[in-house]
Amino acid sequence: ESLYNADCLNSFVAICIDQGRTKEALSYAQQALAIYDKYRHASEKYQVVYAMILVNMAIVYEKEYNFDESFRLHLEALKLYERFESPRSPAVGRQYISLGILCRVTGSLEKALHFSKKGAGILMSVDCSDAEKVDGILALGWTYYELNKLDDAQRCFEQARSIAVKSEDRSLLPLVISTLAVSAEKKDPKKSKELYELALSYYHKENTASKMELAKLLSQYSFFLFSMGNFDEAEAKLKQSISIYQSSGQENADLGQDKVSLGMVYFKRKQYAEAEKYVSEGLELFKNIFGEDFLTAQARTNLGVVYFEQQKYDEAYLQFYLGYKYYDKNGKTAEIRQAIEYILMTLEKVPEKKQIYNEWIKIYSKYRKKNVW
Numbered sequence: 011e012s013l014y015n016a017d018c019l020n021s022f023v024a025i026c027i028d029q030g031r032t033k034e035a036l037s038y039a040q041q042a043l044a045i046y047d048k049y050r051h052a053s054e055k056y057q058v059v060y061a062m063i064l065v066n067m068a069i070v071y072e073k074e075y076n077f078d079e080s081f082r083l084h085l086e087a088l089k090l091y092e093r094f095e096s097p098r099s100p101a102v103g104r105q106y107i108s109l110g111i112l113c114r115v116t117g118s119l120e121k122a123l124h125f126s127k128k129g130a131g132i133l134m135s136v137d138c139s140d141a142e143k144v145d146g147i148l149a150l151g152w153t154y155y156e157l158n159k160l161d162d163a164q165r166c167f168e169q170a171r172s173i174a175v176k177s178e179d180r181s182l183l184p185l186v187i188s189t190l191a192v193s194a195e196k197k198d199p200k201k202s203k204e205l206y207e208l209a210l211s212y213y214h215k216e217n218t219a220s221k222m223e224l225a226k227l228l229s230q231y232s233f234f235l236f237s238m239g240n241f242d243e244a245e246a247k248l249k250q251s252i253s254i255y256q257s258s259g260q261e262n263a264d265l266g267q268d269k270v271s272l273g274m275v276y277f278k279r280k281q282y283a284e285a286e287k288y289v290s291e292g293l294e295l296f297k298n299i300f301g302e303d304f305l306t307a308q309a310r311t312n313l314g315v316v317y318f319e320q321q322k323y324d325e326a327y328l329q330f331y332l333g334y335k336y337y338d339k340n341g342k343t344a345e346i347r348q349a350i351e352y353i354l355m356t357l358e359k360v361p362e363k364k365q366i367y368n369e370w371i372k373i374y375s376k377y378r379k380k381n382v383w
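Numbering (my numbering), first residue to last: 11 to 383.
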């Protein structure tokens with residue numbers, strides 16, 4: 011239980027986070043935290059390291075979609091940084107940005123704006139890296155974007171671009187260009203596609219980013235192509251992304267999402283055998299990483315739809331039912347309604363299951379009476 015061992019454990023946490031091994035990362039972080047908890051009151055330096063471990067744990071929980079616990083840990087780390095570093099240190103700015111992002115993904119947009127403004131303001135006014143400044147400004151921009159304050163969002167994105175253009179960090183420019191591509195998707199799809207291609211050209215030409223960043227850009231681009239009905243290009247981008255993840259040996263949630271997405275590309279083309287294969291593989295990854303979780307339940311819904319179109323009604327019913335169980339247990343009201351409607355749609359195709367169908371009608375009516383929808 012030496013501090014040296016705790017530092018090693020914390021290094022393992024960072025490695026495991028980078029490789030998507032969240033369960034191992036959490037185990038290492040808990041061990042490191044337990045050691046530093048015994049020493050941290052002896053020195054301000056130890057308090058700061060303790061805060062760093064809290065941040066790593068928060069990142070792990072965020073990757074596991076446990077946003078409440080991630081928020082709690084980031085907030086605890088923020089208080090330590092404010093006390094033992096400075097209220098306007100880069101570490102404090104980063105924590106405000108992280109809190110803003112968590113608020114944004116959970117729908118608390120006004121809180122997100124409050125935290126993002128504070129974080130970006132600190133990072134732009136202190137001596138920190140260009141990457142930290144860009145991350146802060148982009149986070150603020152995305153909050154404005156979600157609030158439909160598109161002019162404010164665009165100003166943030168352009169400000170990030172001006173920093174990236176002047177920066178010696180060549181990985182920043184494709185990151186900002188891909189952000190501009192996403193922000194243009196609804197307003198100017200043609201411009202968005204041009205920006206995606208430009209971002210990809212920087213990744214390939216400059217070799218500026220890790221393969222994981224390239225894979226994420228390919229995934230994001232594929233979602234845009236899918237939404238535009240360009241299934242051939244979406245398939246090609248998803249296959250590239252999947253190949254990057256597989257060649258690196260990483261079986262993480264991003265790979266699972268890409269497999270499900272590729273399956274749904276095949277589904278749109280009515281290539282149901284291929285769709286079943288890839289959605290099933292994505293579902294298995296989610297089950298291995300998260301157990302029964304939101305992403306697992308969503309993949310079950312996709313697989314159920316694929317089974318339904320192949321008239322595999324028993325298999326479809328099982329997937330819809332297992333998804334419903336998760337949504338019901340966790341109070342996901344909109345998803346509960348969707349799951350029950352899929353279940354009823356499936357049971358209508360199986361006359362011998364009329365009694366089960368009638369039971370689900372009662373469940374559906376119970377929710378309607380609660381007026382939760």
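Cβ atoms here follow ideal geometry from the backbone N, Cα and C, with glycine treated the same way.
For residue i, the nearest candidate out of the options (CA to CA)
i	options	result
residue 325	207, 352, 292	352
residue 34	45, 19, 48, 358	19
residue 295	178, 268, 132	268
residue 263	247, 105, 304	304
residue 54	24, 91, 186, 27	91
residue 248	230, 158, 261	230
residue 61	93, 277, 289	93
residue 119	159, 138, 58	159
residue 152	176, 122, 316	122
residue 76	13, 175, 300	300
residue 29	59, 371, 70, 57	70
residue 237	259, 260, 196, 250	196
Close-in-space but distant-in-sequence residues of the same chain around residue i (CB under 6 Å, 5 per side omitted)
i	result
residue 243	235
residue 252	268
residue 68	80, 83, 84
residue 148	170, 189
residue 130	146, 147, 150
residue 11	45
residue 88	105
residue 273	285, 288, 289
residue 205	187, 190, 191
residue 329	310, 313, 314
Distance CB(residue i)-CB(residue j) smaller than 8 Å
i	j	result
residue 302	residue 336	yes
residue 350	residue 366	no
residue 319	residue 282	yes
residue 74	residue 116	no
residue 289	residue 313	yes
residue 254	residue 280	no
residue 307	residue 333	yes
residue 327	residue 347	no
Own chain partners of residue i with C-beta closer than 7 Å, once the 5 adjacent residues on each side are dropped
i	result
residue 63	20, 39, 42, 43, 46
residue 143	133, 134, 173
residue 323	356, 359, 360
residue 101	91, 95
residue 218	Note that residue 218 scores 46 on pLDDT, short of 50, meaning its location in the model is unreliable; the coordinates nonetheless yield the value given after this. Result list for residue 218: 180, 181, 184, 212, in chain order.
residue 162	154
Contact belief for residue i with residue j at Cβ below 8 Å, rounded distance in angstroms
i	j	result
residue 227	residue 188	5 Å
residue 194	residue 209	Not quite, the Cβ-Cβ distance comes to about 12 Å (not below 8 Å), so this is no contact.
residue 9	residue 112	Outside the displayed span of the chain (11 to 383) sits residue 9, for which this structure offers no information.
residue 186	residue 167	7 Å
Residue i: CB within 7 Å of a non-hydrogen atom of the ligand COA
i	result
residue 38	As far as ligands go, the structure on display features none, and thus does not contain the ligand COA.
Cutoff 8 Å; reference residue i; Cβ partners in own chain excluding five residues on either side
i	result
residue 98	132, 135, 136
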